[in-house]
Amino acid sequence: MPRSHEGSRGFEYHLAFNGIEIISIRKEDFVLEKQANVNERIRSPEVRVIGHDGQQLGVLPIKKALELAFQDELDLVEVAPNADPPVCKIMDYGKFKYQQSKRTQEAKKKQTVIQVKEVKIRPKTDTHDLEVKIRHIKRFLGQKDKAKVAIVFRGREIAYTEQGTKILERVIEELKDEAIVEQAPKMEGRNMVMILAPKA
1435 MPRSHEGSRG FEYHLAFNGI EIISIRKEDF VLEKQANVNE RIRSPEVRVI GHDGQQLGVL
1495 PIKKALELAF QDELDLVEVA PNADPPVCKI MDYGKFKYQQ SKRTQEAKKK QTVIQVKEVK
1555 IRPKTDTHDL EVKIRHIKRF LGQKDKAKVA IVFRGREIAY TEQGTKILER VIEELKDEAI
1615 VEQAPKMEGR NMVMILAPKA
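Here the sequence shown stands for residues 1435 to 1634, numbered as in this note's numbering.
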């Protein structure tokens, strides 16, 4: 027997024959992936109709299905165009689209975009300038971004990689309460780099 359910995560519909499920639909944002056929735009002469309360109304001529929707001042929305016959649901389509758009916007707000900010330091950087660089890194970490710290060697400076290692070790020590070392110091071309990530 067909059965349907309107859950918190969206519309769910099942159609079974002799105990074997042949149609199963659960996709609350189906109509957002492409423009849904609504009301007179539905071309099939017959459709399987789900009422606005989630009840299965059976296979009906499209004219009858539209009458049922319009008598409640609602819309007939094709939610499964590839089913045979297509499955339609009676709903307030404008309200549905608004709620879906609102949920999408709220979901985007909750997403955290982590950026990797790069800070370049010369091996002969003096103490004051290094402290300034460390404050920059600390600010990035406070913004929940990662920091790529690069010691840039030029010309013969490449012979003094030990100085670069000491600088990075000091950076790690200064930021031990704010950061974890995601990538240990290593050479990339003529630069010595490491990546720090904010502590959870």
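We put the CB at the ideal spot given by N, CA and C, even for glycine. Bear in mind the structure is a predicted one, so any value in this text is a computation, not a measurement.
Pair within 8 Å by beta-carbon distance, residue i and residue j
| i | j | result |
| --- | --- | --- |
| Ile1592 | Val1583 | no |
| Glu1632 | Leu1564 | It should be pointed out that residue 1632 corresponds to Pro in this sequence rather than to Glu. No, Cβ-Cβ distance for Pro1632 and Leu1564 is not below 8 Å. |
| Val1521 | Ala1499 | no |
| Glu1512 | Ile1568 | no |
Bridge partner(s) assigned by DSSP for residue i
| i | result |
| --- | --- |
| Asn1473 | Paired residue(s): none; Asn1473 is not in a bridge. |
| Ile1629 | Lys1582, Gln1617 |
| Gly1589 | Bridge partners of Gly1589: none, in fact. |
| Gln1490 | Ile1484 |
| Lys1523 | Ile1484, Val1511 |
Exposure label - residue i; buried when at least 16 CB within 10 Å
| i | result |
| --- | --- |
| Met1525 | buried |
| Glu1590 | Contrary to the premise, residue 1590 reads as Arg rather than Glu in this sequence. Flag for Arg1590 reads exposed. |
| Gly1598 | buried |
| Gln1617 | exposed |
| Val1566 | exposed |
| Glu1507 | exposed |
| Ala1514 | buried |
Boundaries of the alpha helix (DSSP H) in which residue i is found, first to last residue
| i | result |
| --- | --- |
| Asp1563 | 1561-1576 |
| Lys1551 | Counting along the chain, Lys1551 falls outside any alpha helix (DSSP H), though it belongs to the beta strand (DSSP E) covering 1550-1555. |
| Gly1528 | 1527-1544 |
| Arg1604 | 1595-1608 |
Cα-Cα separation, residue i to residue j
| i | j | result |
| --- | --- | --- |
| Val1493 | Gln1469 | 23 Å |
| Asp1579 | Lys1554 | 16 Å |
| Lys1531 | Glu1474 | 18 Å |
| Gly1488 | Ala1613 | 51 Å |
| Lys1461 | Glu1596 | Bear in mind that the predicted position of Lys1461 carries a pLDDT of just 45, short of 50, making it unreliable; the figure below should be weighed with that in mind. Cα to Cα, the separation comes out at about 58 Å. |
| Pro1479 | Ala1634 | 57 Å |
| Lys1610 | Gly1623 | 27 Å |
| Gly1485 | Ala1517 | 17 Å |
| Ile1476 | Phe1504 | 14 Å |
| Phe1587 | Tyr1594 | 8 Å |
Run of the beta strand (DSSP E) containing residue i, from where it starts to where it stops
| i | result |
| --- | --- |
| Glu1512 | 1509-1514 |
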